[in-house]
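Asker: I'd like to ask some things about the structure below.
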Amino acid sequence: MRLRGRKGIRESIEAQPELVVLDAAPHKGKWREFFGNDNPIYIELGMGKGRFISHMSARNPEINFIGVDMYDELIRRASEKARAVWEEKGEENPPNLALLRANIENIENMFEPGELQRIHLNFSDPWPKSKHARRRLTHPRFLAKYAQLLNERGEIHFKTDSQSLFEFSLNSFAEVEMQLRNISLHLHKEGPREDLVFTEYEMKFMGKGQPIYRLEAVIGETALEQYRSSKREAASREAAAAEADEAAEAAEQADREETETE
């Protein structure tokens, strides 16, 4: 993929050290120092033009966000998008956002184990040819890396318009035995999910009525226990409701029998 942008792209992003990070190595294990707080860190791998990560950071000021892409032009566009979004909130610089120029292939060199809390994979390149399967960002080799970098509340949120990539991803998550939840085969079938932030691609596909596939993988031990606890509570509520229904039905039957006897 080649992107042609205006002249002075590199100079433009180099002039924004408060937002743009060109070398992750010095920040590995120290990203909280970059943000100046201990808030959870969410990252988007392959952020494109930055709509998702910009709006996520503005909507969730209590979370630190890092958008990752390997192209200077996309970093530039994302920086413009981020500043425009935050200007609407009266902020000149996004206080909880970093735009990282890096190759995702080397993600283990960017973050320490347990440094991240959530990874967003939005409309990643499906790499449709079988010989390129290892490049897919949901290949088991990548999932193993993500699992090492996520903390006890770690999750992966994945969206795509590619049915073949989604099917491949389901098998990948199963292969590494990750717990999945909120699996959707047509995310916006009943209308736009306003509780979620859309990417540029997503808005285009939604306009055409194309299905968006989505899932969440629960990985961290605390996140897993919360998920299991919620499932147990839901099962308990269902059992109590079923028991109440049976009791009500039995009482109603008893009333009918009593009436017939009279």
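According to the UniProt record's numbering, the sequence shown is numbered sequentially starting from 1. Where is the CB? At the ideal position from N, CA and C, for every residue including glycine. Owing to the predicted nature of the structure, the values given are computational and were not obtained by experimental measurement.
#1: Looking at S164 and G46, is the spacing between their C-beta atoms short of 8 Å?
#2: Is the Cβ-Cβ distance between T160 and G48 less than 8 Å?
#3: Along the chain, which unbroken stretches of the beta strand (DSSP E) at least 3 residues long are found entirely within the region 152-187?
#4: Between L99 and L224, is the Cβ-Cβ spacing less than 8 Å?
#5: For E252 and E233, what's the separation of their Cα atoms in angstroms?
#6: By Cβ distance, which residues of its chain are closer than 6 Å to S130, with the 5 residues on each side in sequence left out?
#7: Suppose contacts are defined by Cβ-Cβ distances below 8 Å. Is N96 in contact with F65 by that definition?
#8: Here's the rule: buried if 16 or more other CB atoms are within 10 angstroms of the residue's CB, otherwise exposed. What is E243?
#9: What is the DSSP secondary structure of R214, counted as helix, strand or coil?
#10: Is the CB-CB distance between L180 and E216 below 8 Å?
#11: Along the chain, where does the alpha helix (DSSP H) that runs through residue 270 open and close?
#12: Using the rule of at least 16 other Cβ atoms within 10 Å of the residue's Cβ for burial, across every protein chain shown, is I183 buried or exposed?
Answerer: So, from the listed chains and residues:
#1: Cβ distance not < 8 Å, so G46 and S164 don't count as in contact.
#2: Taking 8 Å as the Cβ cut-off, T160 and G48 do not qualify as a contacting pair.
#3: Given a length threshold of 3 residues, each whole run of the beta strand (DSSP E) inside the region 152-187 is given here in chain order: 179-184.
#4: At the C-beta level, L99 and L224 stay beyond 8 Å of one another.
#5: Distance between the alpha carbons of E252 and E233 is about 28 Å.
#6: Cβ neighbours of S130 within its own chain (closer than 6 Å, five residues either side excluded): none.
#7: Yes; because the gap between Cβ atoms is below 8 Å, this pair is in contact.
#8: Exposed is the call here.
#9: R214 falls in the strand class under three-state DSSP.
#10: If you check the CB distance, L180 and E216 come in under 8 Å.
#11: The displayed coordinates of the chain run from 1 to 262. Any statement about residue 270 would go beyond what the structure contains.
#12: It is exposed - the Cβ of I183 has fewer than 16 other Cβ atoms within 10 Å.
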